[in-house]
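Beneath this line is the structure, given in structure tokens, with notes to follow.
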Amino acid sequence: MKYILLMNGKKSDFDGYARWSKEDLQANVAFMRGYSKELTDAGVFVASEGLGWPNEARLVRAGSNGEPITDGVFPESKEFLAGYWIIDVETPEQAYAMAARLSQAPGPAGKTGEMPVEVRRVLSGHSDLGL
Amino acid sequence: MNGEAPEVAFGHLIRELAPQVVGAVARRFRDFAAAEDAVQEALLAAFTQWPREGVPENPRGWLFRVASRRMVDLVRSDAARRQRETALAAEAPVVELADEIEADMDPDDTLILLFMCCHPSLSTSSAIALTLRAVGGLTTAEIANAFLVPEATMAQRISRAKQSIRASKAPFRMPSLKERKERQPAVLHVLYLIFSEGYASSIGAHLQRLDLAHEAIRLTRSALALLPEDAEVAALLALMLLTDARRAARTGPDGELIPLDKQDRSLWDQAEIAEGTALLTRVLSAGAVGYYQLQAAIAAVHDEAALAEDTDWKQILALYEMLQSVAPSPMVTLNHAIAVAMVHGPARGLERLQALDKDERIAGHYRLDAVRGHLFEMLGELEKASQYYRSAASKTTSLPEQNYLITQAARLEARGKVRER
Chain A
155 MKYILLMNGK KSDFDGYARW SKEDLQANVA FMRGYSKELT DAGVFVASEG LGWPNEARLV
215 RAGSNGEPIT DGVFPESKEF LAGYWIIDVE TPEQAYAMAA RLSQAPGPAG KTGEMPVEVR
275 RVLSGHSDLG L
Chain B
258 MNGEAPEVAF GHLIRELAPQ VVGAVARRFR DFAAAEDAVQ EALLAAFTQW PREGVPENPR
318 GWLFRVASRR MVDLVRSDAA RRQRETALAA EAPVVELADE IEADMDPDDT LILLFMCCHP
378 SLSTSSAIAL TLRAVGGLTT AEIANAFLVP EATMAQRISR AKQSIRASKA PFRMPSLKER
438 KERQPAVLHV LYLIFSEGYA SSIGAHLQRL DLAHEAIRLT RSALALLPED AEVAALLALM
498 LLTDARRAAR TGPDGELIPL DKQDRSLWDQ AEIAEGTALL TRVLSAGAVG YYQLQAAIAA
558 VHDEAALAED TDWKQILALY EMLQSVAPSP MVTLNHAIAV AMVHGPARGL ERLQALDKDE
618 RIAGHYRLDA VRGHLFEMLG ELEKASQYYR SAASKTTSLP EQNYLITQAA RLEARGKVRE
678 R
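Right, here's the structure in full:
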């Protein structure tokens, strides 16, 4: 069963991240790189991406002719997805354990980030309705 | 080979030979994990060379030679590292060694391999992956693709599975009769899971994806060839065929699920039904009644009804009652309740479901809600029915099922509105 681990942050978190010290950033980047390798070594890694920052985010709607109408978002008010990891595990407990490990990513001044990680089930194409 | 693309023909041949080669090499070198890797390399070499240079005269001997060379290299480098020679690392020419191993081949090797890959120390997903590679002769890339994970992830899963087997110190030999009896259900379960993974996910466009349901049928066929007297193996193959027969009818043009009672039965594969039924008839006449025999018998009763309303629900009910005594489980109780509803009415079926609310293995499961939705609909309590369909939709982990269940709820609500006017 596949799960997605979502790391969210407010605009202020992103701004704060931009002001971390070089050592803290390096420690964080190294952790993230190691984390993906841990997932692969455990035979559970499916996919992972990091996303661009909120100031680049645009809300898009279709106009009357289907043309894109873009709008800025209001970054102060909401949480933004920073990145995700998709894993393939056998139990939800395994997914929670992987999420807890991710939450240990080092933050500023070497402090463990305590960043909450949202865990969601990825729907499959399966059916066992007995059809 | 009747118009098949050459690489398809190679694929069949290579997959057929793979477990024989893995088995014999593993037995000779007493190292299953390394032998399995060596043979995988030989398979990959075959896949690149044979299309270019033609299939060698003795394809099996060719695979033995490539795999043996690899093993000898491994043993030599090991020996060099440990600064000592082993008998196998002596300068014996690889060709002779390979011929010797090939001559020493035993049809039981494939069976030993199957029991090894379904070893109790493995997690289910590892056992599935390893079985497909070592017994099924599939490449890591094909297996990864079938499960929609990267190749590196699948490679790790397989290598960890082999580490577990190595740590368990299981020797490469036929388990005793007693052990085989104990572990046979686990082996059949792995084969069944491969089938249901393929059958369940055959919804929607998965172009170029390996057909796991057909791989499972192929593997079960070869297990039956090795264990021709085993009624449960034959019954499992029958169950797969009788289920796979309905495949074309179970989804609509947009990939939507079509329940059994709404399927266009002219699309059912009559050849598969005939083969499954013949197998089942043979094992049922032999006496003893097992789990897969009953499941296959239920599938056969569905398959023999030309119209949904011709379904012999009384017989299905009797079979579920037997299943409840042979292999009780909440899922069996759930299906039994449906049969009760079809024979004695939905109210009686709903009564049967009450016991499941206290069973934590299934209490929060979407199927319990889905079945309640169906039975309340039969009862004419549409509002309750749609509530249960919606609740089931929020709990399922499958997108096609979620769409199906929400559509059921919406259909009932639309019907309710029409009535109010």
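Sequences listed follow chains A and B, in order. Sequence positions in the first sequence follow the working numbering and run 155 to 285. Sequence positions in the second sequence follow the working numbering and run 258 to 678. C-beta atoms are modelled at their ideal positions from N, C-alpha and C, and glycine is treated no differently. Keep in mind that this is a model prediction, so the values were computed, not measured.
Exposure of residue 674 of chain B, with buried meaning 16 or more beta-carbon neighbours within 10 Å: exposed
For residue 195 of chain A, three-class secondary structure by DSSP: helix
Cβ neighbour criterion (16 or more within 10 Å) applied to residue 413 of chain B: buried
In chain order, each alpha helix (DSSP H) run of at least 4 residues that lies wholly inside the stretch 337-409 of chain B: 351-360, 365-374, 381-387, 397-403
Residue 483 of chain B, enclosing beta strand (DSSP E) - first and last residue: Segment 469-483 is the alpha helix (DSSP H) holding residue 483 of chain B; no beta strand (DSSP E) there.
Residue 370 of chain A at chain B interface by Cβ criterion, 8 Å: As shown, chain A starts at 155 and ends at 285. That puts residue 370 of chain A outside it, with no answer to give.
Chain B contact for residue 200 of chain A (CB, 8 Å cutoff): yes
Alpha helix (DSSP H) runs contained entirely in the stretch 518-592 of chain B, provided each spans 4 or more residues: 527-542, 548-560, 570-583
Which listed residue (B/358, B/310, B/483, B/564) has its alpha carbon closest to that of residue 520 of chain B: B/564
Residues, ordered as in the chain, of the stretch 269-280 of chain A that lie near chain B by beta-carbon distance below 7 Å: 275, 277, 278, 279, 280
Backbone secondary structure at residue 240 of chain A - three-state DSSP: strand
Residue from B/371, B/592, B/500 with nearest C-alpha to residue 454 of chain B: B/500
Nearest residue (CA-CA) to residue 281 of chain B, options B/396, B/638, B/507, B/318: B/318
Neighbour flag for residue 417 of chain B against chain A, beta carbons, 8 Å: yes
CB contact check: residue 326 of chain B to chain A, cutoff 8 Å: no
Which listed residue (B/508, B/510, B/542, B/504) has its alpha carbon closest to that of residue 529 of chain B: B/504
Enclosing beta strand (DSSP E) for residue 225 of chain A [first to last residue]: 222-226
Beta-carbon proximity check, residue 410 of chain B vs residue 197 of chain A, cutoff 8 Å: yes
Pairwise C-alpha distance: residue 356 of chain B and residue 512 of chain B: 51 Å
Continuous beta strand (DSSP E) stretch holding residue 226 of chain B: start and end: Not covered by the structure: residue 226 of chain B. The range shown for chain B is 258 to 678.
Given residue 379 of chain B as reference, the closest of B/331, B/423, B/302, B/392 once Cα atoms are compared: B/423
Proximal residues of chain B, C-beta to C-beta of residue 244 of chain A below 9 Å: 380, 381, 382
C-beta atoms of residue 576 of chain B and residue 554 of chain B nearer than 8 Å: yes
Spatial neighbours of residue 636 of chain B in its chain, beta-carbon cut-off 6 Å, leaving aside the 5 residues before and after: 603
Against chain B: residues of the stretch 172-203 of chain A by CB proximity under 9 Å: 193, 194, 195, 196, 197, 198, 199, 200, 201
Environment of residue 212 of chain A [buried if 16+ CB atoms lie within 10 Å]: exposed
Residue 462 of chain B classed as buried or exposed, judged by whether at least 16 other C-beta atoms fall within 10 angstroms: Caution is warranted here: a pLDDT of 48 is assigned to residue 462 of chain B, below 50, making its placement in the model unreliable, and the coordinate value is therefore given only provisionally. Answer is exposed; the Cβ neighbour count stays below 16.
Near-chain A residues of the stretch 387-410 of chain B - C-beta to any C-beta below 9 Å: 404, 405, 406, 407, 409, 410
Below-8 Å beta-carbon distance, residue 659 of chain B vs any chain A residue: yes
C-beta neighbour in chain A for residue 461 of chain B, strict 8 Å: For residue 461 of chain B, the predicted structure reports a pLDDT of 49, less than 50, and the residue's modelled location is therefore unreliable. The matter cannot be settled from this model.
Per-residue DSSP class, three states only, for residue 500 of chain B: helix
Residue 161 of chain A: first and last residue of the uninterrupted beta strand (DSSP E) it sits in: 156-164
Buried versus exposed, by CB contacts within 10 Å (16 or more), residue 206 of chain A: exposed
Three-state secondary structure (DSSP) of residue 329 of chain B: helix
Spatial distance of residue 254 of chain A from residue 276 of chain A (CA atoms): 18 Å
Opening and closing residue of the alpha helix (DSSP H) in which residue 253 of chain A lies: 246-257
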